[in-house]
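I have placed the structure first, in the form of structure tokens, so that the comments after it can refer back to it.
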Amino acid sequence: MKTLSRRRLLHMAAAAGLGLAAGACQRTPATGQAAASPPAAATTAPPTVAPTVVAPSPTGALPTAQMPAPGATPSPVVATPGATATPASEAPAYLAAVHGEDPEAITRRAILALGGMERFVSPGYDVIVKPNICNANHGYEYASTTNPTVVATLVRLCLEAGAQRVRVMDNPFAGSGEQAYARSGIREAVEAAGGEMEIMARHRFVESEIPQGVDLKSWLFYKPILDADLVINVPIAKHHSMARLTLGCKNLMGCIEDRSAMHRNLGQRIADLVSRVAPQLTVMDAVRILTANGPTGGNLNDVLLTNTVIASHDIVAVDAYTTRLFGMQPDEIEYIAAAHRMGLGAMLLAELDIAELEV
Amino acid sequence: MAMRPRVAVRQWRWARRAVQALSLLAFTLLVLWTARDVPGPLGAEGLLRLDPLAGAAAMLSLRRWLPAFIPALILLALTLALGRFWCGWLCPLGTLVDWSAPRDGRARTIPRRWHGLKYGLLLLTLVGALFGSLTLLALDPLTIFVRTVTTWLAPGANWLVTQAQIGLYRVGPLEGLADALDGALRPLVLSYKQAHYQGLLPIAGLFLGILALNRLAPRAWCRILCPLGGLLSLAAKGSWLKRKVGDGCVSCGACARDCRMGTIDPARDYASDSGECILCLDCAVACPRGAITFGPNWRYDADWEYDPIRRQALGMLGLGVAGAALAQVLPERAQPHPYRLRPPGAQEEALLRACLRCGICLRACPTHGLQPSLHEAGIMGLWTPILAPRLGHCEYSCNACGAACPTGAIPPLALAEKQRAAIGKAYVAHDLCLAWTGRAPCIVCEEMCPLPEKAIVLETVAVHDAAQGARTLQAPVVLHERCIGCGLCENRCPVQGEAAIRVRVDPLT
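Just so you know, the protein sequences line up as chains A and B, in that order.
The working numbering puts the first sequence at residues 74 to 432.
The working numbering puts the second sequence at residues -13 to 495.
Take a look at the structure:
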């Protein structure tokens, strides 16, 4: 009951805040580099203003963030005719935020709004899905680990789009992978969907250069994640006392070893990780969000039912959008600002083509 | 079990070797399977329940009947029937001792009087137990086996395999092989997390020393020192099945030369002590006349020069009392060591009285944070489990140690109960902490705290350091009424060496 009313409040706040947020997001970050940041307009998709877009950019500018790297992702045009078709009226959105009570339905709708999974998966692809399974302490209803239905739905979508293999993995910071996979409910859901859970074994972490890194020049990365045809990042939105929020960028800390050392200059270092892992699709699980005592959780009073999934090829945009659920601004999160500065994505939501949908 | 032709004797000896190998394999797997990640009901606590010495000592120390040791009673009964078959056929340490004996070892002899030492050690162990100390169970062969596998052999194998995997993984085409090793060995045999054990040198040294005793004579450990061997020997002296030398004996001496326990006495017409015979059957194979058989005989073999006599027993009783007094007057008994962190729910005195020193809990601990104490609990607590958070924390969602403990020295707590059982309390060292000293923003301890209401909160504090001047940072403060001392904060503290947040024993209990 409590969560329901909170949720309604939150929706109202979010809706009301959209315009404000859009305006606020125009502020140049303190560093002043943002204006110069995303230089990659050449690689962007043609702008498409869907009828559902809630906050059209006041300037009508093109989406400014990079599209997924060429070759890593198929063309923005829906590749497979006849497959789960995008409604004719709906051109692929830059970012989709879908609200509704059925996690599977909103996940499917969000991917559809982006142009369908076929945009990201070519037949035969080896896909890695990276949820947040941070420990083995609580079930998913405590909002410390990603919703199993959201993860399993993505696995199904990948397989439906012709992926040859879909692996799901995370490197929990406490408790073993085996325990955490089971406790989170993700193992059961993923295996039922036809995916495999993989334990991130020590030997597969290799030192890898971070060519674009500002602070970090190299780190120990989980090699299969660097090698996969497609990496889908499936974070859950949580409180974190240093980063303030654990979102999509921070979820990539599960791809590396030696995490404690990251905390010196955390914001920039996370952005450096984003530049190296560069997941081609980020799907934020905001079915439930954790508002305090994160990232570990364990207290249902800290959990808010927000019934939302946010998806985009742009990890920074997803994170920027998600800050709204916490009543925050994207540039309050250091790693969002840092990633934006590096041109890794767009945090100025007002400039983006956002499909805001209800299911 | 009457006369058998020598061919049949050879087959029996092969059967013994096969049983030894299988038993070693089974016991090793039992130890490995105690690890938390491994599904299945069987763990090595079953192995310890076979041990009549551990059972007798624990019952003396706890002063109550422990039904968990019914299997040990069965083993004792079987020894009364068959003799020391445990030592020759099943004991995993005995098998390793056999396998590491030098080829020419049979020619070496030691004074037979030395065989009596093990009865002294047995008595000392039981007297110690009566005074509430199970420390001498550290010399029980089963605890030695479990402890050595857990702290040295398994982590060592784990390290070797991981290094091999890392090497293979770098060679592109061999990637699959590295992955296959993982699939085959983890988590069933090896663990995902590399373990590191403190005080490993004395543990490894004891194990190697036992194998090295073979240089004196084969099975020297089993003949001279093994306290479980001593207990089984006293039972086996009255066993129903005994070795017999028949009329065909031509006194060639082959059997005495080949006896790995050195118990065949040429001066007694090649008779042997059934308390020392481990039914290895070497003598029966060696005998050119087939004169050696095994058959029923109820006589108690009590006329050997090393048999315990009253004088020796009194001496050991005195030594046991003196030893117990020594252990009790060490400073650790006056004041607890500040980092003597016991597993959740364990009470110090109850744990000392019940802990078999087997180390099964160490193997069960998924973070490998449970460690064999060396000095933290004094002699009374040698090789009992303590948590060393720097090496591994107490996992919030785990209660494996209590479930694995064969005697309840670590109580089997339900998970919800365990999550409230405080091991100790965390304290911040303000002159080490990155945040409190102003050297860097860091909140790792707060982030890691697994409690639903975090026991570490952040305070905004004004800091000043020479390099960066005055500013404000978030710095950790522990709320001790919430802290359960799990040590995850200490484990993850990025400060090198000793952490800037440390769990110590609760100052108020």
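Ideal Cβ positions, reconstructed from N, Cα and C, are used throughout, including at glycine.
Can you pull the chain A residues whose beta carbon is under 8 Å from the beta carbon of B:Q460, in chain order? S314, M315
What residues from chain B crowd round A:A209, counting only those whose CB sits closer than 7 Å? S383
Output, in chain order, the set of chain A residues within a Cβ distance shorter than 7 Å of B:P480. S333, A334, H336
By Cβ distance below 6 Å, which residues in the same chain neighbour B:I487 in space, the five residues on each side in sequence not counted? A412, V414, C431, C475, E476, C479
So which residues on chain B does A:G248 lean against when the C-beta distance must stay under 8 Å? P352, E381, Y382, S383, C384
Hey, how far is the Cα of A:E443 from the Cα of A:V279? Residue numbering for chain A in the displayed model covers 74 to 432; residue 443 of chain A lies beyond these limits and cannot be assessed.
Using the C-alpha atoms, what's the distance from B:R49 back to B:A310? 17 Å
B:E432 versus chain A: which residues are under 9 Å apart at the beta carbon? S314, M315
Answer yes or no: do B:G301 and B:T137 have a C-beta to C-beta separation smaller than 8 Å? no
Would you mind working out which of B:C273, B:P317, B:S177 sits nearest B:R521, comparing C-alpha positions? Here chain B comprises residues numbered -13 to 495, so residue 521 of chain B is not present and cannot be evaluated.
Exposed or buried, which one is B:Q357 when buried takes at least 16 other CB atoms within 10 Å? buried
Whether or not the region 169 to 186 of chain B and the region 253 to 263 of chain B are in contact is what I'm after, with contact meaning three or more pairs of Cβ atoms, one per stretch, closer than 8 Å; do they touch? no
At what residues does the alpha helix (DSSP H) containing A:A164 begin and finish? Neither: A:A164 is in no alpha helix (DSSP H) and is coded neither H nor E.
Using alpha carbons as the reference points, say which of B:G364, B:Y178, B:A363, B:I429 lies closest to B:L146. B:Y178
Note the first and the last residue of the continuous beta strand (DSSP E) segment covering A:W292. 291 to 295
For the region 187 to 267 of chain A, list the alpha helix (DSSP H) runs that are entirely contained and at least 4 residues long, ordered along the chain. 221 to 233, 250 to 256, 259 to 266
Which same chain residues end up closer than 8 Å to A:T396 when comparing Cβ atoms and leaving out the 5 residues on each side of it in sequence? L318, L320, Q402, P403, E405, I406, I409
Give a single yes or no on whether A:H336 has its beta carbon closer than 7 Å to a heavy atom of the ligand GDP. The ligand GDP is absent from the structure shown, which contains no ligand whatsoever.
Closer than 7 Å, Cβ to Cβ, to anything on chain A: give me those residues from the region 463 to 493 of chain B, in chain order. L474, R478, P480
Below 8 Å, can you find three or more Cβ-Cβ pairs linking the region 159 to 175 of chain B to the region 366 to 385 of chain B? no
What three-state label does DSSP hand B:N283 in the structure shown? coil
Kindly list, in the order they appear in chain A, the residues whose Cβ is closer than 9 Å to that of B:L444. S314, M315
Could you tell me the alpha carbon to alpha carbon distance between B:R468 and B:W369, rounded to whole angstroms? 30 Å
Please state the DSSP three-state secondary structure of B:F131. helix
Residues of the region 273 to 306 of chain A with a CB closer than 7 Å to any CB of chain B: list them in chain order, please. A274, R275, H276, R277
Would you kindly work out how many angstroms separate the C-alpha atoms of B:A390 and A:S249, rounded to a whole number? 18 Å
May I ask you to report which of helix, strand or coil DSSP gives B:F13? helix
Under a three-way DSSP split, which group does B:V231 fall into? strand
Limits of the unbroken alpha helix (DSSP H) element including B:E432: 430 to 434
To the nearest angstrom, how far is the alpha carbon of B:L125 from that of B:L192? 9 Å
Are the CB atoms of B:C384 and B:R22 within a distance shorter than 8 Å? yes
Please return the same chain residues whose Cβ sits closer than 7 Å to the Cβ of A:E431, not counting the five positions on each side in sequence. H172, G173
Residues of its chain near A:L227, where Cβ-Cβ distance is below 7 Å and the 5 sequence neighbours each way are ignored: T180, V202, I305, V307, V356
I'd like to know if the region 28 to 37 of chain B and the region 118 to 134 of chain B are in contact, where contact means that at least 3 CB-CB pairs between them fall below 8 Å. yes
Considering only their Cβ atoms, is the gap separating B:G331 from B:L373 smaller than 8 Å? no
Any C-beta of chain A under 8 Å from that of B:P398: no
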